[in-house]
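Beneath this line is the structure, given in structure tokens, with notes to follow.
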């Protein structure tokens, strides 16, 4: 539905986007995650045609934003970082203006009242936008994006300025919209993206550093799985036996945690699952296995590692995202 | 374009700017017509429009100063530029709204003449010529003002810039007579807005002058549209 190919954007000498590419399938909700200033808003501004890219292209449902700008703009509803509201208009006047501006062809009264009901702004419908609270302004901004029922919604930090209850409401709304819209939303709040999105694209310093399904992203990216286990038995012999297993790269004891019980980490080769072998080995030797868990990174760890410090800066653009994540994780482990 | 025109026009009357500009011009028209009455000769009508023309050119920068600056400053241009409308339509809509405000003011300036016509017979040809000339000259000046307002986010800078250009255009004729080089002098007077405008003040409808002013409007709207477009590339 939305295809972003090799977007590069320079502001003077500053490289804001560096070969950003990703695709968003029809009917999915994709979260655009990154720290402030990572290039989220720039990417969104380019997709919506507000800015143009230095190089690269954006296709929306097969149509190039440069070749058919009007057609593409008709398909996109956009909530910019700062909602584009005219403070001297009432909500009613503003939404009617946006309706005309977008050349929507729906039954106007019905369409607008539906949207107002959806984002819960009916009670401020006749008030001046300049007098509304930030949360209401934000919701008028969302309402504006929904006018004309565009198939693609691009929401730049949609929950900023809302109170916790409203945040939950808006998240639910976005989830519901995701059933029949393609949604791209940006955020620097991880839990938000996790709660709403099916897929996450992590961007840092203008580069895509990770891209995958929300549930499996952390798992997939930490390719060198490590197991953390507790077993009762002789420390040195256990480590030695574990090192003898196939696909084991490293085994380290973390010391005695309970009397006679040691904590160990076992690092495997990429894509190997050691759990059964480890269990069988310890059972055969008669060393009771007391606990075992995968040491996958949480999404939070991953995000921090991907977006902080040297690990994220060091990699070159030629590498794939998973390699980068691996590198980043290793960098993190050394700390 | 219609949506933008309507919104812009409404914004002039949501804020007092539109009322103030119109009221100021209408009041001045009334005052100078009163002088005509006091002097007791409709032959002075030319003086009314001569003076009012200068005042109109002072008010125009006030009308145009916010046309492009506000959108850029409040980021509302994001709504306009990401909507399925062309930049030309955006610029034209804004220009027409400014021109319409000026049109209302100038048309109100005809009221004293109408009142006068009940008691005497003012030279309508001359009055309408002046009216039309002011509208066309004003339109050209407004298109320049809109361009200048698109170059800055500050209303004050836009207003002063437009004001300087409008004063310069009023006195460019004096320059033409002072220049000894024939070609440069001819070029300056050909570019002069004043000489085009003067034909109207004599009560003559000049097609070539009309085309001239409309072309100036088209050129500056085009430049403003390009300016908006170029902002995407910075």
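Chains as they are written, first to last, in our numbering: chain A, 1 to 335; chain B, 336 to 569. In this text, a Cβ means the ideal position worked out from N, Cα and C, and glycines have one as well.
Any chain A beta carbon closer than 8 Å to residue i
i	result
residue 349 (chain B)	yes
residue 429 (chain B)	no
residue 401 (chain B)	no
residue 346 (chain B)	yes
residue 559 (chain B)	no
residue 420 (chain B)	yes
residue 562 (chain B)	no
residue 432 (chain B)	no
residue 411 (chain B)	yes
residue 337 (chain B)	yes
residue 416 (chain B)	yes
residue 568 (chain B)	yes
residue 342 (chain B)	yes
Chain B within 8 Å of residue i, Cβ atoms only
i	result
residue 310 (chain A)	Confidence is the limiting factor: at residue 310 (chain A) the pLDDT is only 44, short of 50, which leaves the residue's position unreliable and the question unanswerable from this model.
residue 62 (chain A)	no
residue 98 (chain A)	yes
residue 52 (chain A)	yes
residue 80 (chain A)	yes
residue 314 (chain A)	Annotation note: pLDDT 40 at residue 314 (chain A) (below 50); position unreliable, coordinate value reported separately. No, its Cβ sits nowhere closer than 8 Å to a Cβ of chain B.
residue 155 (chain A)	no
residue 7 (chain A)	no
residue 305 (chain A)	no
residue 49 (chain A)	yes
residue 85 (chain A)	yes
residue 88 (chain A)	yes
residue 138 (chain A)	no
residue 112 (chain A)	no
residue 92 (chain A)	no
residue 101 (chain A)	yes
residue 334 (chain A)	With a pLDDT of 37 at residue 334 (chain A), under the threshold of 50, the predicted position of this residue should be treated as unreliable, and no value is reported.
residue 70 (chain A)	yes
residue 74 (chain A)	yes
residue 166 (chain A)	no
residue 194 (chain A)	no
CB of residue i within 8 Å of CB of residue j, strictly
i	j	result
residue 15 (chain A)	residue 206 (chain A)	yes
residue 380 (chain B)	residue 436 (chain B)	no
residue 468 (chain B)	residue 535 (chain B)	yes
residue 287 (chain A)	residue 233 (chain A)	yes
residue 193 (chain A)	residue 31 (chain A)	yes
residue 282 (chain A)	residue 248 (chain A)	no
residue 444 (chain B)	residue 360 (chain B)	yes
residue 140 (chain A)	residue 94 (chain A)	yes
Supposed contact pair residue j and residue i - C-beta distance, whole angstroms, cut 8 Å
i	j	result
residue 201 (chain A)	residue 22 (chain A)	5 Å
residue 183 (chain A)	residue 177 (chain A)	6 Å
residue 426 (chain B)	residue 344 (chain B)	That pair is no contact at about 15 Å.
residue 284 (chain B)	residue 552 (chain B)	Residue 284 (chain B) is absent from the structure shown; chain B starts at 336 and stops at 569.
residue 225 (chain A)	residue 294 (chain A)	6 Å
residue 337 (chain B)	residue 100 (chain A)	7 Å
residue 59 (chain A)	residue 39 (chain A)	With 8 Å as the limit, residue 59 (chain A) and residue 39 (chain A) do not qualify as a contact, their Cβ atoms being about 19 Å apart.
residue 447 (chain B)	residue 347 (chain B)	The pair is not a contact, with the Cβ atoms about 24 Å apart (cut-off 8 Å).
residue 264 (chain A)	residue 242 (chain A)	7 Å
Spatially closest choice to residue i from the options, by CA coordinates
i	options	result
residue 68 (chain A)	B:417, B:380, B:336	B:417
residue 26 (chain A)	A:187, A:198, A:210, A:261	A:198
residue 291 (chain A)	A:107, A:301, A:285, A:278	A:278
residue 120 (chain A)	A:214, A:13, A:142	A:142
residue 181 (chain A)	A:149, A:66, A:192, A:196	A:149
residue 144 (chain A)	A:172, A:92, A:179, A:134	A:92
residue 560 (chain B)	B:438, B:512, B:542, B:430	B:430
residue 304 (chain A)	A:29, A:9, A:33, A:192	A:33
residue 504 (chain B)	B:441, B:364, B:477	B:477
residue 483 (chain B)	B:388, B:364, B:404	B:404
residue 341 (chain B)	B:434, B:391, B:393, B:388	B:434
residue 70 (chain A)	A:266, A:102, A:170	A:102
residue 10 (chain A)	A:214, A:43, A:217	A:43
residue 339 (chain B)	B:413, B:567, B:432, B:395	B:432
residue 365 (chain B)	B:383, B:547, B:350	B:383
residue 502 (chain B)	B:521, B:528, B:486, B:520	B:528
residue 215 (chain A)	A:84, A:300, A:106	A:300
residue 370 (chain B)	B:386, B:358, B:356, B:524	B:386
Please list the segments of the beta strand (DSSP E) lying wholly inside the stretch 258 to 306 of chain A, counting only runs of 3 or more residues, in order along the chain. 261 to 268, 289 to 294
Within the stretch 346 to 390 of chain B, ranges of the beta strand (DSSP E) (whole runs, at least 3 residues): none
Extract the residue ranges of the alpha helix (DSSP H) inside the stretch 141 to 187 of chain A, only unbroken runs of 4 or more that lie entirely within it. Listed in chain order, the complete alpha helix (DSSP H) runs (minimum 4 residues) inside the stretch 141 to 187 of chain A are 164 to 177.
Kindly provide the ranges of any alpha helix (DSSP H) runs that are 4 or more residues long and lie completely inside the stretch 502 to 560 of chain B, ordered along the chain. 517 to 526, 528 to 536
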